[in-house]
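Down below is the structure, laid out as C-alpha cells.
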Amino acid sequence: KAGVTQTPRYLIKTRGQQVTLSCSPISGHRSVSWYQQTPGQGLQFLFEYFSETQRNKGNFPGRFSGRQFSNSRSEMNVSTLELGDSALYLCASSLAIGGGETQYFGPGTRLLVL
Amino acid sequence: QKEVEQNSGPLSVPEGAIASLNCTYSDRGSQSFFWYRQYSGKSPELIMFIYSNGDKEDGRFTAQLNKASQYVSLLIRDSQPSDSATYLCAVGRYSTLTFGKGTMLLVSP
Numbered sequence: 071k072a073g074v075t076q077t078p079r080y081l082i083k084t085r086g087q088q089v090t091l092s093c094s095p096i097s098g099h100r101s102v103s104w105y106q107q108t109p110g111q112g113l114q115f116l117f118e119y120f121s122e123t124q125r126n127k128g129n130f131p132g133r134f135s136g137r138q139f140s141n142s143r144s145e146m147n148v149s150t151l152e153l154g155d156s157a158l159y160l161c162a163s164s165l166a167i168g169g170g171e172t173q174y175f176g177p178g179t180r181l182l183v184l
Numbered sequence: 002q003k004e005v006e007q008n009s010g011p012l013s014v015p016e017g018a019i020a021s022l023n024c025t026y027s028d029r030g031s032q033s034f035f036w037y038r039q040y041s042g043k044s045p046e047l048i049m050f051i052y053s054n055g056d057k058e059d060g061r062f063t064a065q066l067n068k069a070s071q072y073v074s075l076l077i078r079d080s081q082p083s084d085s086a087t088y089l090c091a092v093g094r095y096s097t098l099t100f101g102k103g104t105m106l107l108v109s110p
C-alpha cells in the first residue's frame, strides 16, 4: 500500500503571501490530521478532518485553514504568511474507526517564509 | 491544557546497551499511547502503540504503560547506532494526538 503523500515537498514564500499544501492519505484511511513542527515548539496539532468535516482544531490563528475532499485528500491553506510560519508541515492519516487510531505520517512539506 | 513531557536529552548509550526513554502526560482521559522515531530531516515513523496498562513487546522494543502514574516508557534492547534519532511520545484522545517535544537518543559504536 502506498504511504501518505504530500506536495510540494519544499516551498519558499515571502511574507504576506498565501500557500496551499496538499496531502493524500493511505488508501482507505478516512481521517487526516495536520501538524506544524518547529525546533522550538515541537509537533503542534493544527486540525483533523474526517469525512470532509473538521472534527478537531488546535490553537492556531484563523489564517490556518483546511479542507477535506470526498476522496479523503486534504489541503491546508495559510494566508498572509508570517516569518514564524516557517516550519515543517506534516500530514498524518488514520483509519479513524473507533477513535484514537494510529496515525501514519507523510514526508512533510518544508515551508520557508522570507 | 494537555501536556506531554519528555526529557530532551541527549541520552547517550553504548552500542548493545538498553536505552530507556520516558514520558509523562497530564490528561487522565488519554486513551492511546504511541512512540514515534524521527531521524533528522525526516518525518516521524511509528514504532509502537499501547492502549492497556502493562508491557508490550515488539522485537527489540518494549513499551510500558502505567495509567495510574500517567507514565509511558520505551525500552530499546541491544541498541544500535541506527537507533540514533529523536523519539517522540504521543498521547491520544478522541482521534487527536498530543506530542512531547522528543528525546534525542545517541548510540555510540
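Residue numbers (our numbering), protein chains in the order written: chain A, 71 to 184; chain B, 2 to 110. The C-beta atom is built at its ideal place from N, Cα and C for all residues, glycine as well. Just so we're clear, the structure is a prediction, and the values are computed from it rather than from any experiment.
Kindly indicate which three-state DSSP category residue i falls into: helix, strand or coil?
i: L107(B); result: strand
i: L91(A); result: strand
i: S33(B); result: strand
i: D28(B); result: coil
i: D84(B); result: helix
i: L185(A); result: Given that chain A is displayed from residue 71 to residue 184, the structure contains no residue 185(A) and the question cannot be resolved.
i: Q173(A); result: coil
i: I96(A); result: coil
i: A20(B); result: strand
i: A69(B); result: coil
i: G10(B); result: coil
i: G86(A); result: coil
i: E4(B); result: coil
i: F139(A); result: coil
i: S53(B); result: coil
i: G60(B); result: coil
Classify residue i: buried if its beta carbon has 16 or more other beta carbons within 10 angstroms, exposed otherwise.
i: T99(B); result: buried
i: L153(A); result: exposed
i: S41(B); result: exposed
i: W124(A); result: Rather than Trp, the amino acid found at residue 124(A) in this sequence is Gln. Exposed, by the Cβ-count rule.
i: P110(B); result: exposed
i: P11(B); result: exposed
i: L75(B); result: buried
i: G176(A); result: buried
i: A64(B); result: buried
i: P45(B); result: buried
At what residues does the beta strand (DSSP E) containing residue i begin and finish?
i: V74(A); result: No beta strand (DSSP E) contains V74(A), which DSSP labels as neither H nor E.
i: S101(A); result: S101 to T108
i: E145(A); result: S144 to V148
i: A157(A); result: A157 to S164
i: Y95(B); result: Looking at the DSSP string, Y95(B) is not in any beta strand (DSSP E), and its letter there is neither H nor E.
i: R125(A); result: T123 to K127
i: T179(A); result: T179 to V183
Let me check one thing: in DSSP terms, what residues is residue i bridge-paired to?
i: P15(B); result: S109(B)
i: S41(B); result: Its beta-bridge partners do not exist; DSSP assigns none.
i: T99(B); result: V92(B)
i: E118(A); result: S103(A) and N126(A)
In angstroms, rounded to a whole number, what distance separates the CA positions of residue i and residue j?
i: A69(B); j: N23(B); result: 15 Å
i: E6(B); j: T25(B); result: 5 Å
i: P109(A); j: L160(A); result: 14 Å
i: G178(A); j: F115(A); result: 14 Å
i: F120(A); j: Q71(B); result: 29 Å
i: K57(B); j: C90(B); result: 15 Å
i: Q106(A); j: P15(B); result: 33 Å
i: Y52(B); j: T172(A); result: 11 Å
i: L107(B); j: P131(A); result: 36 Å
i: V86(A); j: D79(B); result: Looking at the sequence shown, residue 86(A) is not Val but Gly. Going from the Cα of G86(A) to the Cα of D79(B) covers about 50 Å.
Does the beta carbon of residue i fall short of 7 Å from some heavy atom of the ligand SAM?
i: Q2(B); result: With respect to the ligand SAM, the structure offers nothing, as it holds no ligand at all.
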